[in-house]
Amino acid sequence: MTSDGIDATPRDGVGPHVRILLAEDERQLRGAIARGLREQSYAVDEVEDCNEALYHAALAGYDAIILDVLMPGGDGMEVCRILRSRGYQVPILMLTARDSLEDKISGLDAGADDYLTKPFEFGELLARLRALLRRRGEVLPAMLTVGDLIVDTSRHTARRGPRAISLTAKEFAFLEYLARHSGRIVSRAELSTHVWDDNHNPFSNLIDVYASRLRRKINAPREVPLLSTVRGAGHMLAAPQLTADTHAQHMDATLASSAKRTTGSRKR
């Protein structure tokens, strides 16, 4: 399906803790790309002219920029040159209807890392974006394991043992970010930056609401809790640590239970 009718079947294993700046002045195309990226669990900020692109790039720490060449307020290639002159090393993917070799060379010489001509398949844009993000030097595993919890970033699925966990796109993005940083407390500010976009109000309780929903789904009754909230600090996903003391307590409880069953069977 083309970029105007996106097939956003989850197949991206890069991860949700990726924040994209999308600079495109064609409203329909921009909306379609943004919708597809969000369904792939990316956080996306949208702008429609060159000045906004420069302003947002200076304010937020983006993992990649998708930049249209022809936009109001200037030229996308000039935006690219300015960003590079200021020392920004974020990967930049240029979008344009210009398909001549000279235009491609000009875009790459301006500092772009890749160049995609319109019209294009959304699947190709995703593949090029994944390739750019891999060049950051961080190869991210597609399968994440925390205790008996398995998060499959390629299929966008999660399981605890044999139990499948049903998640919305945002819940999955939240869980994957915690899983990639398992064993440490992740602050609300960090989650706000990497899992949500500019539309998120950092003073709302939305993150806490999602954390509560995830806890109910991840920590089912009779299962060892994996997801916890540290009041005033943030949220943590961690596998339980079986210390010598807890191991001894577990063995004592097992032996006691076995003895009760034996005694009961003798009475019968």
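Each residue of the sequence shown is one higher than the last, beginning at 16 in my numbering. Yeah, the Cβ is synthetic: ideal placement off N, Cα and C, and Gly gets one too.
The DSSP assignment places 129 to 132 as complete runs of the beta strand (DSSP E) inside the region 123 to 149, in order along the chain (cut-off: 3 residues). G51: member of the alpha helix (DSSP H) spanning R42 to E54, first to last residue. Judged by DSSP secondary structure, A79 falls within the beta strand (DSSP E) whose first and last residues are A79 to D83. With respect to the C-alpha of G138, the residue from S243, D40 and G51 having the closest C-alpha is G51. In the three-state DSSP reduction, T183 falls in the coil class, being neither helix nor strand. Looking from the CA of A79, the closest CA among S56, R53, L206 and L37 belongs to L37.
At a Cβ-Cβ threshold of 8 Å, L110 and L131 count as neighbours.
Within the same chain, Cβ atoms closer than 7 Å to the Cβ of G176 are found at D163, the five residues on either side in sequence being excluded. A distance below 6 Å between beta-carbons, with the five flanking residues on each side excluded, links P106 to the following residues of its chain, in chain order: A79, D128 and L147.
Beta-bridge partners assigned by DSSP to E61: L37. For S115, there is no enclosing alpha helix (DSSP H), as DSSP marks it with neither H nor E. Cβ-Cβ distances below 6 Å link V33 to Y57 and D78 in the same chain, with the five nearest sequence neighbours on each side left out; the list follows chain order. When DSSP states are grouped into helix, strand and coil, D90 belongs to the strand group. Setting aside the 5 residues that flank it on each side, R230 is surrounded in the same chain by L242, each with a C-beta closer than 6 Å to its C-beta; the list follows chain order.
Contact between R143 and L108 is confirmed by a C-beta separation of about 6 Å, below the 8 Å threshold. The beta strand (DSSP E) runs lying completely inside the region 227 to 253 and spanning 3 residues or more are 242 to 245 and 249 to 252, given in chain order.
Within the DSSP secondary-structure output, I107 pairs in a beta bridge with I80. A Cβ-Cβ distance of about 21 Å is found for the pair A194 and L141, leaving them out of contact under the 8 Å criterion. In the three-state scheme derived from DSSP, where H, G and I count as helix and E and B as strand, V224 is classed as helix.
Here the C-alpha atom of R42 lies approximately 15 Å from the C-alpha atom of V59. For T168, the number of other beta carbons within 10 angstroms of its own is at least 16, and it is reported as buried. For I200, same chain residues with a beta-carbon under 6 Å away, outside a window of 5 residues either side, are V245, A248, G249 and M251 in chain order.
Rounded to the nearest whole angstrom, the CA to CA distance from A173 to K232 is 10 Å. Here T208 carries a helix assignment [DSSP, helix/strand/coil]. Secondary structure note for I165: its beta strand (DSSP E) is the uninterrupted segment L164 to D167.
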